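Below is one structure, written out as C-alpha cells; the observations come after it.
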Amino acid sequence: MTDYEALVAKILEKAPYAEGEVRRERRIEFRISPDRIRDFLKLLKDNGFELLLQITAVDWPDRGEIELIYQVFSITHRTHTFVRTAIPRDNSVVPTVMDIYPVAETYERDAHEFFQVVFEGNPKLEMPWILEEEDKEAGLSYRKDFDMLGYVKRKYKILDRFDEDKGTYVI
Amino acid sequence: MVSQSELIREARENGMDLLPLDKDTYELFFGPQHMATENYSIILKMDGNRVVKAIANPGFLHRGFEKLAEYRPWHTNIALLLRVCVPEPDVPEVIYSMAVEEILGWEVPERAQWIRTTVLEMARVSAYLFWTMGMAFKLGVYTAGQWAAAYRERFMALFEQLTGARVYHIYTIPGGVRRDIPSDAWLRRLRDTVEYIKSKLPDFDEILFENYITHRRLEGIGVMDRKFALDEGVTGPNLRATGVPYDVRRVDPYLLYPELDFEVPVLKDGDALARVMVRRFEIEQDLYILEQLLDMGPPSGPYKVEDPRLKNLPRFKVPAGDAFAHVESTKGDFGAYVVSDGKNKPYRLQLRGPSISHGIRVIEQLLVGARIADVPVILVSLDNCPPDIDR
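Read top to bottom, the protein sequences are chains A and B.
At position 135 of the first sequence (counting the first as 1) the number is 134 in numbering that gives the first Met the number 0, and the numbers step up by one without a gap.
At position 89 of the second sequence (counting the first as 1) the number is 88 in numbering that gives the first Met the number 0, and the numbers step up by one without a gap.
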C-alpha cells in the first residue's frame, strides 16, 4: 500500500520548485512553471513513473493562458499523476519532453495541431497529423476563441440563411 | 484495351512521378482502404519485399469528437463518445461517466456497478472475438474467423435485449445505467452464452492458436522489448506480452474488480505470437470473470442515483473541477479527462485512446525490416483501433 503523502513529500524534497498535493487515493497532482517541466518529468521518470499516458491542453482565454497537463502513470506506485503547467496564450512555447518519454512526440503533435502549442525540439510538429491543409487555413483549432459559426458559414457557404438579428440560422 | 505500360507512359508524359524514390526503393501506399489497416493509412518505403521505412498517416476518421463534446450537454455526449471505438463501444461511455461522477462526488449504486462490470466484460469478450476474426482472416484461417463472428453475434443479441441496440448501446449514463436488467431470463441466457463460448475455445486452439502455421507466421515478428514498450507508452495486452503486468483493473481498480478473482496473463517474448497468445488467455479470464459475476448475482437496489438534477437533463450542471478516469479495454488503457467550469456542457474533454501510443510511433518502428506479407499480421497483432487515434 503506497503512502501517497509520503510519495508526494519525497518528490517535492527533490524538486523544491514544485507544488504538490494528494487529490485522492491513487491520484496526485503537481504544479510547476514551464521552464522546469523537463527537469521535473526527468525526475519522475527516474523515480518509477514509467508511463506518459497523455498530454492535455486546456485553453483559458480569460486567464490568458493555456494549461498543459502531463498525465503520468506510475506502475511502481500505482498512482496517476497530473503535472500541470501554464504557458501564455499568445506565446505558447514549451520545451519538448520526447527525449524523456519518447511517446510524447505523438501527444505533442496532437497538442500542436489543435492548440498551436509549440514544443521546441520536436522535429515532427510540422508533419500533418489529422487536419487537412484547408482546415488549418480556416483556423480550425480547439482554442476557445475559434469562431465555429463563422467557420461553418464560410465552409458551407450558407451565409444567406444566417439571420444576423437573431444570431441563428434560418432553416 | 490499354496496357499498363501505356498508362505509365501517359502518366509520365503528364508529369506524374511514378519513378522509384531512388535506384532500389519504391513507395507503397498501404491503406486506408486495405482491409488489414482498418481505415488507417501507412506509407511504406519498400526495397523489394522488405520495408525500409514506414510513415503512419492517421486522420481518415477524424470527426472532432472532443470539440463537438464542448457544444453538447453532459448527457448527450454519451451518444457521441461511444462511436470512438466500434468493437468496444461501452468503454468510452463508462470512462466518461466515471469522470463526471468523480467531479460530482456521486457514489454509483451497487446494482449499477455490477451491471457496468458485466457490460464491460461482455464487451471485452465480444471485442476479442472480433479481433480473433480479424487475426484469423489475415492468417487465412477463415473457418475460425467465421466462428468468432458467429459467437460474437450471441453477445450482440444479449446487448440488444439489455440496451435495445446491438452495437451502439448508449447504456451507461453519469449516475448509473439507463435501464435495468430486463429479466432473470437474460441472466440465464448470458450464463448459457458464457458456457457455450467457453466450450468452443478448444476448437479455436486447435484450428488457430495452436496451429503450426500460425506459430510460424507470428514467431519473432514485430518484437518489442519491455523498455521500448514502456517508453512508447504501450498499454494493454501489447505491454503484457513484453512482461509487464500492467492491467488497469489491478493497478488502478474500479467498479467491482477488487472483489473479483482473475489472473493477468503475462508473456515475455514481446513478438506477435506473444501478443496473440496474451489475448487468447484474456478471453478465458474474461469468461471466468463473467461466471463469477453471475454467481454473485446483481445486488438489489436502484440502478441509478436518485438526484433531482437528473430530472432536467438539458440543464443538468456539473460543478467546476476536473477528473480523469480510465479502464482496461481490449486495446489497452482507455482514459477520459474531463474539465468542467460549472456549466451544462464540458469545458474540455480529452479521450486517451490506447491506440494513440502504439498506433503511430510503434508501428513506424516495428514495421522496418518486415516483409510485406507480415505487415497486416503485425498490424492486427497490435490491435490498434484507428478511431482512437483520430477521435
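Glycine is no exception: its CB is placed at the ideal position from the N, C-alpha and C atoms.
Being a predicted model, the structure only gives us computed values, none of them experimental.
- Query: Applying a beta-carbon distance threshold of less than 7 Å, which residues of chain A neighbour Asp285 of chain B?
  - Reply: Within chain A, no residue comes near Asp285 of chain B; the closest Cβ sits about 22 Å away, beyond 7 Å.
- Return no unless some Cβ of chain A is closer than 8 Å to the Cβ of Val243 of chain B. yes
- Query: the stretch 22-51 of chain A: which residues have C-beta closer than 7 Å to a C-beta of chain B, in chain order?
  - Reply: Arg25, Glu49, Leu50 and Leu51
- Looking only at its own chain, which residues have a Cβ that is under 6 Å from the Cβ of Ala156 of chain B, when we skip the five neighbours before and after it? none
- Message: Runs of 4 residues minimum, wholly inside the stretch 253-340 of chain B: which ones carry the alpha helix (DSSP H) assignment?
- Response: 271-295
- Message: Just checking: is the beta-carbon of His111 of chain A within a distance shorter than 8 Å of some beta-carbon in chain B?
- Response: no
- Would you call the CB atoms of Ile391 of chain B and Ile169 of chain B closer than 8 Å? The structure shown has nothing for residue 391 of chain B, since chain B only spans 0 to 390.
- Task: Would you list the residues sitting across from Val116 of chain A in a DSSP beta bridge?
- Result: According to DSSP, which records beta bridges pairwise, Val116 of chain A is partnered with nothing at all.
- Task: Run the proximity test for Ile169 of chain B: is its beta-carbon closer than 7 Å to any non-hydrogen atom belonging to the ligand MN?
- Result: The model depicted lacks the ligand MN and carries no ligand whatsoever.
- Cutoff 8 Å; reference Trp185 of chain B; Cβ partners in own chain excluding five residues on either side: Leu157, Gln160 and Leu161
- Which chain B residues are close to Tyr104 of chain A, counting only those with a beta carbon under 8 Å from its beta carbon? Note that residue 104 of chain A is Glu in the sequence shown here, rather than Tyr. Those are Arg360, listed as they occur along chain B.
- Task: For the beta strand (DSSP E) containing Ser53 of chain A, list its first residue and its last residue.
- Result: For the record, residue 53 of chain A in the displayed sequence is Gln; it is not Ser. Residues Leu50 to Trp59.
- Item | Near-chain B residues of the stretch 61-77 of chain A (beta-carbon distance less than 8 Å), N- to C-terminal order | Ile68, Gln70, Phe72, Ile74 and Arg77
- Query: Around the Cβ of Arg165 of chain B, are there at least 16 other Cβ atoms within 10 angstroms (buried) or fewer (exposed)?
  - Reply: exposed
- Quick one: list the residues of chain B neighbouring Val82 of chain A, beta-carbon separation under 7 Å, in chain order. Here the premise fails: no neighbours, minimum Cβ distance about 12 Å.
- Task: For Ile220 of chain B, count neighbouring C-beta atoms within 10 Å of its own C-beta (all shown protein chains included) and say buried if the count is 16 or more, exposed if not.
- Result: buried
- Query: Hey, Leu42 of chain A and Val71 of chain A: beta-carbon distance below 8 Å or not?
  - Reply: no
- Query: Between which two residues does the alpha helix (DSSP H) containing Asp38 of chain A stretch?
  - Reply: Ile36 to Asp45
- Task: Taking 8 Å as the threshold, find out whether the stretch 336-348 of chain B comes into contact with the stretch 90-106 of chain B through three or more Cβ pairs.
- Result: yes
- Query: DSSP state of Lys52 of chain B, grouped into three classes?
  - Reply: strand
- Quick one: any contact between the stretch 92-102 of chain A and the stretch 31-47 of chain A, if contact means 3 or more CB pairs under 8 Å? yes
- Message: Going by DSSP, what residue range makes up the beta strand (DSSP E) through His214 of chain B?
- Response: Not the beta strand (DSSP E): His214 of chain B falls in the alpha helix (DSSP H), residues Tyr211 to Leu217.
- Query: Taking only beta-carbon atoms, is Ser356 of chain B less than 8 Å away from chain A?
  - Reply: yes
- Own chain residues within Cβ distance below 6 Å of Val82 of chain A, not counting five before or after: Phe29 and Tyr69
- Query: What residues of chain D sit near Tyr141 of chain A, judged by a beta carbon separation below 9 Å?
  - Reply: The chain labelled as chain D is not found among the protein chains of the depicted structure, namely A and B.
- Task: Measure from the alpha carbon of Gln112 of chain B to the alpha carbon of each residue in B:Glu209, B:Val93, B:Pro313 and B:Thr75, then state which is nearest.
- Result: B:Val93
- Query: For Ile65 of chain A, which of A:Leu52, A:His79, A:Gly47 and A:Ala85 has the nearest alpha-carbon?
  - Reply: A:Ala85
- What in chain B is Cβ-close to Thr55 of chain A, meaning under 7 Å? Tyr336 and Gln349
- Determine, using beta carbons only, whether Gly341 of chain B comes closer than 8 Å to chain A. no
- Message: Quick check on this structure: which residue in B:Asp230, B:Leu254, B:Tyr253 and B:Leu255 has the alpha carbon closest to the alpha carbon of Val243 of chain B?
- Response: B:Asp230
- When you compare only the Cα positions, how much space is there between Pro307 of chain B and Phe315 of chain B? 10 Å
- Length of the line joining the Cα atoms of Arg347 of chain B and Phe113 of chain A: 13 Å
- Using a threshold of 8 Å, state whether the C-beta atoms of Ile355 of chain B and Leu365 of chain B are closer than that. no
- Proximity test, Cβ basis, 8 Å: Leu18 of chain B and chain A: Low confidence applies to Leu18 of chain B: its pLDDT is 48, below 50, so where it sits in the model is not reliable, and the reading given next is rough at best. Output row for Leu18 of chain B: interface = no.
- Taking the alpha carbon of Leu148 of chain A as the point to measure from, which residue in B:Leu67, B:Leu79 and B:Leu289 has its own alpha carbon closest? B:Leu67
- Report the rounded CA-to-CA distance for Lys44 of chain B versus Ile54 of chain B, giving the unit in angstroms. 8 Å
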